[in-house]
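Participant: Taken in sequence, the protein lines are chains F and V. All letters in the first sequence, in the order written, are residues 1 to 208 by my numbering. All letters in the second sequence, in the order written, are residues 1001 to 1211 by my numbering. Structure in structure tokens, see below.
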Amino acid sequence: MRSFILRVFRFDASRDYEFYYKPYEINLKDINDSSTLYYVLGLVKQQDRYFNMPDCNEFVRIENKVLSLNTNINELIKKFGNDFCVSAIDLKRAKLDLMCDDSDFIKVFDYFKNICNADDYKDYLTYKFLYYASDIREYNDEFLGDSAFVFANKLLEKYPNKRKDILDIVFDKEKGIEYSVSLKPFLYSDYEKYEEIKNSLKHQKEIR
Amino acid sequence: MITLINDDFNFSNLLKGDYRKTYVKTPSFMSEYKADEYKKEFDSCLGEMNLICDTSILDYAKKNYKNASCVIQDLQNIEIKNDFNGFNVAVYRGFTIDLFLHFLKKTKAKLINYETQEFENGFRFLDFDKQVAYKKAAKIVLDAYDSGADFLVVGDSLSFKMFDTLSGELQKVSNRDFSDFYILHMAEFIALANGNIPASLKEHKLKVSLV
């Protein structure tokens, strides 16, 4: 094996009617043991200057598993073979190639606005991948996202006196934690960690 | 904690075409998996000299329980009289069912991989949002159906209830007709491979056209 095929999700919301996967051949000589997926996308950019580079801290989806662009590429080749598709984290919200429109994710922060400050907002943004990971938003548009629950768990430690307000958001009947599903099929790594956080939150329902 | 029906199979009884239903309290879905409670349940079940077919417990037994070897042994000793050569089989893996996949290989059936094979079956949503529950279950069944599977094998009774007993609702919600598709419980599949036709096949909502 001297090269592998990377099929990259291509879509321009302002021009295209449908998305497609464009194959790029990557020579294995060009990568080394510590190359990340982001580095490989850089090689794609060299081949095709119309490809839009995503931010380096973005997340993408491979075979339905969400993973960071900082994942090692050799690990991915081992797991998914030498021909796999990289798609945007949410196909329906894709804006330009691998980048997505995240306005709905940012809107959810409004519920927490009165509780926390601008520093926490930065923290909230790091959980974007959890918001888009599971498929439950297909059935419930209002759903807060797993990101909100993991974030709320952090806030609980930071602001113990605002406990009731935070938990009221988490246990909302229409869009709250009841709707959240197991992340196991959706995350490439660390799903146990987030499941544990969500379980510990669920147990606080009665002692709110 | 939800009280639910677990088909409680003693494999050797099953092969004689005779099996019972008991009520076992089990944490119903993965996200609230508590090892201690599982062990308690497993202890009480073993006390009655029954082997449990619900794969989540089986899986737990394999990892943590000394007597698990007898469970595994039982599965491996089952003789295959009818093989499933030429069949495309989809397996729902809401619970890990490595042991069964091993058995499936022996029957020469072709395993179909589909995207939603590990998704939650939606049972949990039945209490508060039936529409979401049906849609989630319908997505899994239809995905298996569209991937070219002849039938779907499930390892636990909850998923069976979702996919088969409620199949009428699933078809209504998804606006799709899959009445020529059918669901088999893992234990039924094992019995069929062993050359027995379990009586429970007649009770399925989605008619089994295999026999």
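Heads up, the beta-carbon is just placed ideally off N, CA and C, and yes, glycines get one too.
1) Could you spell out the range, first to last residue, of the alpha helix (DSSP H) harbouring ASP102 of chain F?
2) For VAL181 of chain F, which residues in chain V fall below 7 Å Cβ to Cβ?
3) On the three-pair Cβ rule with 8 Å, is the stretch 138-151 of chain F touching the stretch 1119-1136 of chain V?
4) So which of F:ASP104, F:LEU69, F:VAL60 and F:TYR38 has the shortest CA-CA distance to ALA88 of chain F?
5) Measure the beta-carbon distance from ASP90 of chain F to CYS100 of chain F and round it to whole angstroms, keeping in mind my assumption that it falls under 8 Å.
6) I'd like to know whether the C-beta atoms of ASN32 of chain F and ARG2 of chain F end up nearer to each other than 8 Å.
7) Which ranges would you report for the beta strand (DSSP E) in the stretch 25-67 of chain F if only whole runs of at least 3 residues count?
8) If you count every other CB in all the chains shown that lies within 10 Å of the CB of LYS1207 of chain V, and 16 or more means buried, which is it?
9) When we look at the beta-carbon of ARG10 of chain F and count the other beta-carbons within 10 Å, is it buried (16 or more) or exposed?
10) Is ILE1057 of chain V close to chain F, meaning its C-beta is less than 8 Å from at least one C-beta of that chain?
11) Tell me the rounded alpha-carbon separation between LEU41 of chain F and CYS56 of chain F.
12) Return the chain-ordered list of same chain residues with a C-beta closer than 6 Å to the C-beta of ALA94 of chain F, the five sequence neighbours on each side being excluded.
13) LEU183 of chain F to LYS202 of chain F, Cα distance in whole Å?
14) Thinking C-alpha only, which one of F:TYR24, F:TYR21 and F:ASP172 is nearest VAL108 of chain F?
15) Taking DSSP as the reference, what is the three-state secondary structure of ASN1175 of chain V?
16) DSSP three-state call for ALA1133 of chain V: helix, strand or coil?
17) Is THR1116 of chain V buried or exposed, if buried means 16 or more other CB atoms sit within 10 Å of its CB?
18) Could you spell out where the alpha helix (DSSP H) holding ARG163 of chain F opens and where it closes?
19) Check each residue of the stretch 1160-1174 of chain V: if its Cβ is closer than 9 Å to any Cβ of chain F, include it; give the result in chain order.
20) Kindly indicate if chain V contains any beta-carbon less than 8 Å away from that of LYS184 of chain F.
21) Taking only the alpha-carbon atoms, compute the straight-line gap between TYR159 of chain F and VAL1089 of chain V and give it to the nearest angstrom.
22) So which residues on chain A does VAL1132 of chain V lean against when the C-beta distance must stay under 9 Å?
23) Taking ASN64 of chain F as the query, report the chain V residues whose CB atoms sit under 8 Å from its CB, ordered along the chain.
24) Skipping 5 residues on each side, what residues in its chain have a beta carbon closer than 6 Å to that of PRO23 of chain F?
25) Over what stretch of residues does the beta strand (DSSP E) that includes ASN1088 of chain V continue unbroken?
26) What three-state label does DSSP hand ALA94 of chain F in the structure shown?
27) By alpha-carbon positions, which one of F:LYS205, F:ASN199, F:ILE207 and F:TYR188 ends up nearest to THR71 of chain F?
28) Short of 7 Å in beta carbon distance, which residues of its chain neighbour LEU43 of chain F, apart from the five on each side in sequence? Order them along the chain.
29) Taking the runs of the alpha helix (DSSP H) that are 4 residues or longer, which of them lie wholly in the stretch 122-202 of chain F?
30) Based on DSSP bridge pairs, tell me the residues matched to PHE1084 of chain V.
31) Using the Cα positions of TYR121 of chain F and LEU156 of chain F, report the straight-line distance between them to the nearest angstrom.
32) Can you tell me where the beta strand (DSSP E) with ILE5 of chain F in it begins and where it stops?
33) Could you give the C-beta distance for LEU67 of chain F and GLU58 of chain F, rounded to a whole number, given that I count them as a contact under 8 Å?
34) Within the same chain, show all residues whose beta-carbon is closer than 7 Å to that of GLN47 of chain F, passing over the 5 residues directly before and after it, in chain order.
35) Who are the near neighbours of ALA1133 of chain V in its chain, counting only those whose CB is closer than 6 Å to its CB and skipping five residues on each side?
36) Counting only the same chain and skipping the five closest in sequence on each side, list residues whose C-beta sits under 6 Å from that of ALA1144 of chain V.
Facilitator: According to the data block:
1) As a position in the first sequence, residue 102 of chain F is number 102, starting the count at 1. For ASP102 of chain F, no alpha helix (DSSP H) encloses it, and the DSSP letter there is neither H nor E.
2) To locate residue 181 of chain F, count along the first sequence from 1; it is residue 181. In chain order: GLU1120.
3) The stretch 138-151 of chain F, when compared against the stretch 1119-1136 of chain V, does touch it at the 8 Å Cβ threshold.
4) On the first sequence, position 88 is the one that residue 88 of chain F refers to. When only C-alpha atoms are compared, the closest one is F:VAL60.
5) Mapped onto the first sequence, residue 90 of chain F falls at position 90. Mapped onto the first sequence, residue 100 of chain F falls at position 100. With 8 Å as the limit, ASP90 of chain F and CYS100 of chain F qualify as a contact, their Cβ atoms being about 5 Å apart.
6) Sequence index remark: in the first sequence, residue 32 of chain F carries index 32 (1-based). Sequence index remark: in the first sequence, residue 2 of chain F carries index 2 (1-based). Their beta carbons are not under 8 Å apart, which means ASN32 of chain F does not touch ARG2 of chain F by this criterion.
7) Taking only runs of at least 3 residues, the beta strand (DSSP E) segments lying wholly in the stretch 25-67 of chain F are 59-62.
8) Numbered from its first residue, the second sequence carries residue 1207 of chain V at position 207. So LYS1207 of chain V ends up on the exposed side.
9) One-based indexing of the first sequence puts residue 10 of chain F at position 10. Classification for ARG10 of chain F: buried.
10) By one-based count along the second sequence, residue 1057 of chain V stands at place 57. Any reading at ILE1057 of chain V needs caution, since the residue's pLDDT is 49, under 50, leaving its predicted position unreliable; the model's value is listed next. Taking Cβ atoms only, chain F never reaches closer than 8 Å to ILE1057 of chain V, which makes this a no.
11) Here residue 41 of chain F refers to the residue found at position 41 when the first sequence is read from its first residue. Here residue 56 of chain F refers to the residue found at position 56 when the first sequence is read from its first residue. Taking the straight line joining both Cα atoms gives about 10 Å.
12) Working through the first sequence from its first residue, we reach residue 94 of chain F at position 94. PHE11, ALA88 and CYS100.
13) Taking the first sequence and counting its residues from 1, the one referred to as residue 183 of chain F is at position 183. Taking the first sequence and counting its residues from 1, the one referred to as residue 202 of chain F is at position 202. Roughly 15 Å separates the two Cα atoms.
14) Translated into positions along the first sequence, residue 108 of chain F becomes position 108. Ranking F:TYR24, F:TYR21 and F:ASP172 by CA distance to the CA of VAL108 of chain F puts F:ASP172 first.
15) Taking the second sequence and counting its residues from 1, one reaches residue 1175 of chain V at position 175. Reduced to three states, the DSSP call for ASN1175 of chain V is coil.
16) Residue 1133 of chain V sits at position 133 when you count from the first residue of the second sequence. For ALA1133 of chain V, the three-state secondary structure derived from DSSP is helix.
17) Counting from 1 along the second sequence, the entry for residue 1116 of chain V is found at position 116. Counting Cβ neighbours within 10 Å, THR1116 of chain V comes out buried, since at least 16 surround it.
18) For this step, residue 163 of chain F is matched to residue 163 along the first sequence. Where ARG163 of chain F is concerned, the enclosing alpha helix (DSSP H) stretches over 163-170.
19) Per Cβ criterion, the list is empty.
20) The residue labelled residue 184 of chain F in the question sits at position 184 within the first sequence. Yes, LYS184 of chain F counts as interfacial toward chain V.
21) If you number the first sequence from 1, residue 159 of chain F lands on position 159. If you number the second sequence from 1, residue 1089 of chain V lands on position 89. Computed Cα separation, rounded: 52 Å.
22) The structure shown contains no chain A; the protein chains it does contain are F and V.
23) Counting from one through the first sequence, the residue named residue 64 of chain F turns up at place 64. Per Cβ cutoff of 8 Å: GLU1115.
24) Here residue 23 of chain F refers to the residue found at position 23 when the first sequence is read from its first residue. Excluding positions up to five away in sequence, the list reads ILE5 and ARG7.
25) As a position in the second sequence, residue 1088 of chain V is number 88, starting the count at 1. 1088-1091 is the extent of the beta strand (DSSP E) around ASN1088 of chain V.
26) In the first sequence, residue 94 of chain F corresponds to position 94, counting from 1. DSSP places ALA94 of chain F in strand when its eight states are reduced to three.
27) In the first sequence, the residue the question calls residue 71 of chain F occupies position 71. Per the C-alpha coordinates, the member of F:LYS205, F:ASN199, F:ILE207 and F:TYR188 positioned closest to THR71 of chain F is F:TYR188.
28) Within the first sequence, the letter at position 43 stands for residue 43 of chain F. Close CB contacts of LEU43 of chain F within its chain, under the 7 Å cut and outside five residues either way in sequence, are with ILE26 and ASP30 (chain order).
29) Positions of the alpha helix (DSSP H) runs, each at least 4 residues long and wholly inside the stretch 122-202 of chain F, are given as 128-133, 146-158, 163-170 and 191-202 in order along the chain.
30) Taking the first residue of the second sequence as 1, we reach residue 1084 of chain V at position 84. Beta-bridge partners assigned by DSSP to PHE1084 of chain V: none are found.
31) The count along the first sequence starts at 1 and reaches residue 121 of chain F at position 121. The count along the first sequence starts at 1 and reaches residue 156 of chain F at position 156. Here the alpha carbon of TYR121 of chain F sits roughly 15 Å from the alpha carbon of LEU156 of chain F.
32) Residue numbering aside, residue 5 of chain F sits at position 5 when the first sequence is read from its first letter. 3-10 is the extent of the beta strand (DSSP E) around ILE5 of chain F.
33) Working through the first sequence from its first residue, we reach residue 67 of chain F at position 67. Working through the first sequence from its first residue, we reach residue 58 of chain F at position 58. The Cβ separation is near 10 Å, so there is no contact.
34) By one-based count along the first sequence, residue 47 of chain F stands at place 47. Scanning its chain for C-beta atoms nearer than 7 Å, with the 5 sequence neighbours on each side dropped, one finds around GLN47 of chain F the residues TYR24, in chain order.
35) Here the question's residue 1133 of chain V lines up with position 133 in the second sequence. The answer, listed in chain order, is GLY1122, PHE1125 and LEU1126.
36) As a position in the second sequence, residue 1144 of chain V is number 144, starting the count at 1. So the qualifying residues of the chain are ALA1090, TYR1114 and LEU1152.
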